[in-house]
Amino acid sequence: MVIKMGNDYRKAIQEDNMQQNGEEEFQDSNYGYTGNPFADLDYNLCKRCRRKQIDRTENPNSELCRDCREELIKLRIPPYFFVIGVVVICMMLFTFLTSIKGFEKLESYTSAESLADDGYVITAMENLLDVLEENPDNKDVAIRVADIGVKYGYYDYAAYAIDSFLVGKSVSDGQYNKLNGYIKQIDTYYDTLELNDEVWEEVYAFVEDENDIEAIFSDYNREMSQYIGNKAYDQALLYYYLAYMSLDEDERNSYFVECIKTDPHYYDAYAQIANSYRRRGDFKTARKWVDDAYKINKEDYSVLRAIATLELVEGNLEKGLDFASQAFDIYPEGEYVIDTYIVALAANGKEEEARQLTEEYEEDYIFDDDLYAFLDGKMTLEEYYVGE
């Protein structure tokens, strides 16, 4: 039987590929609040992220830092930020992952699957894609990429393999049924991305005060919550969105838990829960969440960054630097990745390197005051990473 894909789906993939170099990864550190979302905040701290200073250079009434304000501006015309983020990360991962010692170019399907099961999902798929580039008519390899991509939640890889190497080709009845199932699953995912766009457009059509973040997020979550239970949409992604837009930290974590229960391959959800417990000083629980994610995927920058902060605050400085370095090599633009790497360098006695990196990035990146306080010896690692 011949594999077919809908035009809307292929258009979505093409748009992702066109935009992949211009969009940032879905932010991973929009911290929530406990109780009254604004009650315990310092006057000059951003009322969304709780870490950076309010920026009033463009609006004297602003309650947000520059990064949060720019992010919300982007959300007014929401991009496919989650999928695009994954595509960007995957591309940046390639250079790093191909340098990992001990991994040779895969020719065997069995070894690819084993490698993915060991947590090196991107490495497995990239190596299979290398084989495909040299042998584009090898349908079995393309199907294996789709298998791994769908299994571990890397829908962009699965979509690329199907759309580029399988559409229009004849496959067995069993393969046809399996691939059609994959296409429906990926279509549901993309439909949920489009739903997010529609909800944001609807919410912003009735916004009375763009600085009222609490009201905006509340309206968004109320609208998106209506689709929980509607199987036409990706339920895990819905919970992920709801968590991301929740200002209450306990509510935020509960949504992330539901996301993971629905699909255990939302790795950033683990990292966000771990970061929440680390900020509360509950390192044991935080460790459990990142360990669970790391067992599944050893190549997700948000998980690596979360592990790095735990290692540092627990006094395992060399390990902390190792994990911070991995996250930085994979995706330095990730939320607080560069900050964590700088802190890890300084904590390991590499103060000159840390300050050089700070100077290199501070022209285009706003570091919070706590980073400078730590570099100046006015703040400990525990003060920096607990209660932030």
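In terms of my numbering, the sequence shown is numbered consecutively and its last residue is 446.
We put the beta carbon where it would ideally sit given N, CA and C, even for glycine.
Treat the numbers as computed from the prediction; the structure is a model and nothing was measured.
query	result
Assumed close pair Leu300, Tyr313 - CB separation to whole angstroms, cut-off 8 Å	5 Å
Which listed residue (Glu259, Ala200, Asp255 and Leu295) has its alpha carbon closest to that of Gln243	Leu295
Proximity of Leu186 and Val203 at Cβ, strictly below 8 Å	yes
Touching by the beta-carbon criterion (3+ pairs, under 8 Å), the region 344-359 and the region 173-189	yes
Residues near His323 in its chain [Cβ-Cβ closer than 6 Å; skip 5 each side]	Tyr210 and Gly211
Residues of its chain near Leu403, where Cβ-Cβ distance is below 6 Å and the 5 sequence neighbours each way are ignored	Glu411 and Ala412
Residues of its chain near Val261, where Cβ-Cβ distance is below 6 Å and the 5 sequence neighbours each way are ignored	Asp277 and Tyr278
Val225 to Ile318 span [Cα, whole Å]	31 Å
Inter-residue Cα distance where the pair is Gln293 and Asp434	46 Å
Per-residue DSSP class, three states only, for Glu266	coil
Beta-carbon proximity check, Thr398 vs Thr367, cutoff 8 Å	yes
Those runs of the alpha helix (DSSP H) which lie wholly inside the region 288-358 and span at least 4 residues	293-302, 307-320, 325-337 and 341-354
Own chain residues within Cβ distance below 6 Å of Ile331, not counting five before or after	Asn311, Phe314 and Trp347
Whole-angstrom distance between Ala182 and Glu191, CA atom to CA atom	14 Å
Beta-carbon contacts of Ala364 that lie in its chain and below 7 Å, excluding the five residues immediately before and after	Ala329, Ala332, Asn333 and Val348
Where Gly287 falls, given that 16 or more other Cβ within 10 Å makes a residue buried	exposed
Proximity winner among Pro194, Lys436 and Thr246, relative to Asp221 (alpha-carbon distances)	Pro194
Beta-carbon proximity check, Tyr325 vs Ser360, cutoff 8 Å	yes
Cβ neighbours of Gly445 in the same chain (closer than 7 Å, five flanking residues each side left out)	Arg337
Gly232 versus Asp205: straight-line alpha-carbon distance, rounded	13 Å
Cβ separation of Leu305 and Val371, assumed to be a contact under 8 Å, to the nearest whole Å	No, Leu305 and Val371 are not in contact; Cβ-Cβ is about 25 Å, not under 8 Å.
Separation of Val395 from Leu253, as counted between CA atoms	30 Å
Local conformation of Phe275 per DSSP, three classes	helix
4 or more residues per run - each alpha helix (DSSP H) lying fully within the region 191-257	197-209 and 213-223
Cβ distance (whole Å) where Leu362 is taken to contact Ala405 below 8 Å	Rounded, the Cβ-Cβ distance is 16 Å, inconsistent with contact.
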